[in-house]
Each structure stands twice: as C-alpha cells, then as structure tokens.
Amino acid sequence: MSRETRRLDIGGRRLELGDRAWLMGIVNVTPDSFADGGRYADPARAVERGLALVAEGADIVDVGGESTRPGSLPVPEAEETARVVPVVAGLRRESRALISVDTAKAAVARAALDAGADIVNDISAFRFDPAMAGVVARSGAAAVLMHMKGTPATMQDDPRYDDLVGEIAAFLDDRLRVAEAAGVPRERLVVDPGIGFGKTVDHNLEILRRAADFHALGRPLLLGFSRKAFLGRVLGGLPPEERLEATLAAAVLAVERGAHILRVHDVGPVFRAVRAAEAVLAGGPAGPAPAEGRAGHVR
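What follows is the structure, given as structure tokens:
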C-alpha cells in the first residue's frame, strides 16, 4: 500500500489522512441521478439516509442537488439551493461527521457552508463559477478539485487524450495553482481525477490502475467510481443496482493504490472490504474506528 500521509485543513482544524482510507457517503437529493435519483428528494429522508451512512462508517456525507450524470443539464441555482440546504442543516444538527456539498455554483456553496457544510466538492475545479474560489477562500472550508473534459452535457462526446494520466495531472496541478492564487491554501485542497467524467471505459480502468501516479501532486487523492457505468460495462452491461461487487473490487484496488478518500453509495459493504484489504496490506488489523462517523476529530 502506497498511501502517503496528507494534511487537510478544514475550518481551522488540521486533519491527517493516511493511516486508513476515508469514506465519503453519497446522498443525492435529485430526481434524476443515475444510481438513486428520486429516492431521497424529501429532506427528512435524505437526512435519515446521511445519518445511516455515518453509522455504517462514512467519515464525510456528500450532499448533491444537481445530477452530473452524462447528458445532464444544469439545475437553476435557487432550486439546487432549496434541495441541499435543509439536508445539510439537518445533518449538522444531528451529526459530528464532516459534510460536503457537491456543487459547482458559488451561491449554492455559500448557502450550504452557512448551513454547516465543511467541504465544497466542485466537479469543475472552480471553472464553471468564477466566484467559487473566493467563497471557499473566505469560508475556511476545504474543497475537492475534480478533472472533467467538457461539461456533464458534453463530456462523453468522444473524449480523447494523448497522455491520459499526464494530462489529468497537469490539469489538477494548474487548478491547485489557480486556487492558491485566489486565496485557498493547498492544505485545504483535495484532488480527484474524475473517473467517469469525460472518459471512456478504458480511460477509467487506466485511472484506477495508475491512481498512485497522482500522489505526485502532494494532495489527498479522492476517487469516485461507485456503481459507475464502466463497472457495469466490464461485466456485460449490468445496471447500477447490480454493480456492488464491481464497486468493492474497485475500492480494494483504490486502497492498494493509496487513495485517501473513496466516494461511494454503499458505505457499509465498502467499509468492510476496505478495512479487510488494509489489514492484509498492513500485515494486521487496524485499531477500532470511532462510532460517530469514524471521524471523531470533527466538531
């Protein structure tokens, strides 16, 4: 296992990522997300789902109010805000786990941070909304910067690369520099190569295979592969609800490659698979994780 310890600053707290992989549990409050669209559109159900993910082992709960599946179109700012803010506020009242808001809109991020979110997960790496970097800089929040070719509506239109990993790494390095110039220190930033965002099946498999190459960026590495189409394709076209085993295989590979954070739907099964893999790689079991979201170092 090649995971290197990385410091991550969030709201004045200094966290160390490295002894184990963290899990980011997904709560989509959308009617059209590819894996669970419509299931948690009601805020109370979404909060209940987030708390269940924490109980299963999630360190971070990622709340998203706009689908970014291939071909999806943007949601109006006010609508996205109305979807995510009650859920973030409800989770903050009930849990000490870290909360992330999955958005590329500065106004949505600002409202979610005001409601108690700790992290902004921006699929555009601060590109779609020029005000986003400033919102993150002033808030003290951490941010995830993700690589994507095009937009969700266009990203799967014949994506091509001359040097897949090299181009993604160069993009992320540039976005780290842009964020720093806008006042967001590197210690508050996480990088994500964007599996499934402007990539073919072969591209996604190569990113998983070569994930350790991204450690050269010096920041925590997040990988999001849960239930994605490429996993179904390699197994003959399985639908999202039948991709758990493939997700577990990808999670174990990600751990072996040293990923710091795994963004997943099925927290319980992934938690068990990852802890077992880490015990094998380390030569013995890790110590017990805290009961409250395994993230006893927050709030």
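Residue numbering for the sequence shown follows our numbering, beginning at 872 and increasing consecutively.
Beta carbons are placed, not taken as given, at the ideal position from N, Cα and C, and that holds for glycine.
This structure is a prediction, so every number in the text was calculated from the model and none was measured.
Just to confirm my understanding: we take residue i, look at its own chain, exclude 5 residues before and 5 after, and list those with CB closer than 7 angstroms. What are they?
{"i": "G882", "result": "D989, G1011, A1012"}
Is DSSP giving residue i helix, strand or coil here?
{"i": "R1143", "result": "helix"}
{"i": "E1190", "result": "With the chain covering only 872 through 1170, there is no way to say anything about residue 1190."}
{"i": "V898", "result": "strand"}
{"i": "V1055", "result": "coil"}
{"i": "L1152", "result": "helix"}
{"i": "I990", "result": "strand"}
{"i": "D1044", "result": "helix"}
{"i": "L944", "result": "coil"}
{"i": "E1163", "result": "At E1163 the pLDDT is 49, less than 50, meaning the model places this residue with poor confidence; the figure from the coordinates comes in the next sentence. It is coil, neither helix nor strand."}
{"i": "L924", "result": "helix"}
{"i": "A1125", "result": "helix"}
{"i": "L1109", "result": "coil"}
Using a Cβ-Cβ cut-off of 8 angstroms (strictly less than) and excluding sequence neighbours within five positions of residue i, which residues of its own chain qualify?
{"i": "L922", "result": "L962, E965, S966"}
{"i": "L1047", "result": "L1016, R1057, L1060, V1062, L1088, R1090"}
Name the DSSP beta bridge partners of residue i, please?
{"i": "M1003", "result": "Looking at the DSSP assignment, M1003 forms no beta bridge with any residue, so it has no partner."}
{"i": "V1135", "result": "G896"}
{"i": "R884", "result": "I881"}
{"i": "G1095", "result": "R1134"}
{"i": "D973", "result": "G935, N992"}
{"i": "L1115", "result": "Answer by DSSP bridge pairing: none, since L1115 is not bridged."}
{"i": "V956", "result": "According to DSSP, which records beta bridges pairwise, V956 is partnered with nothing at all."}
Measure the beta-carbon distance from residue i to residue j and round it to whole angstroms, keeping in mind my assumption that it falls under 8 angstroms.
{"i": "P1023", "j": "T939", "result": "5 angstroms"}
{"i": "G1085", "j": "P1111", "result": "For the record, residue 1085 in the displayed sequence is Phe; it is not Gly. With 8 angstroms as the limit, F1085 and P1111 do not qualify as a contact, their Cβ atoms being about 26 angstroms apart."}
{"i": "D1000", "j": "D973", "result": "Not quite, the Cβ-Cβ distance comes to about 14 angstroms (not below 8 angstroms), so this is no contact."}
{"i": "A1050", "j": "A1004", "result": "6 angstroms"}
For residue i versus residue j, is the C-beta distance shorter than 9 angstroms?
{"i": "P931", "j": "S971", "result": "For clarity, residue 931 is Ile in the given sequence; the question names Pro instead. Yes, the Cβ-Cβ distance between I931 and S971 is below 9 angstroms."}
{"i": "E937", "j": "V925", "result": "no"}
{"i": "A892", "j": "H1131", "result": "yes"}
{"i": "L1124", "j": "V1015", "result": "no"}
{"i": "F1101", "j": "T1071", "result": "yes"}
{"i": "V1135", "j": "T1118", "result": "yes"}
{"i": "E887", "j": "R877", "result": "yes"}
{"i": "G928", "j": "V1151", "result": "no"}
{"i": "A1008", "j": "G1054", "result": "yes"}
{"i": "A977", "j": "V959", "result": "no"}
Whose C-beta lies closer than 6 angstroms to the C-beta of residue i among residues of the same chain, with five residues either side of it excluded?
{"i": "I1039", "result": "H1018, P1064"}
{"i": "K1020", "result": "M1026, P1030, G1069"}
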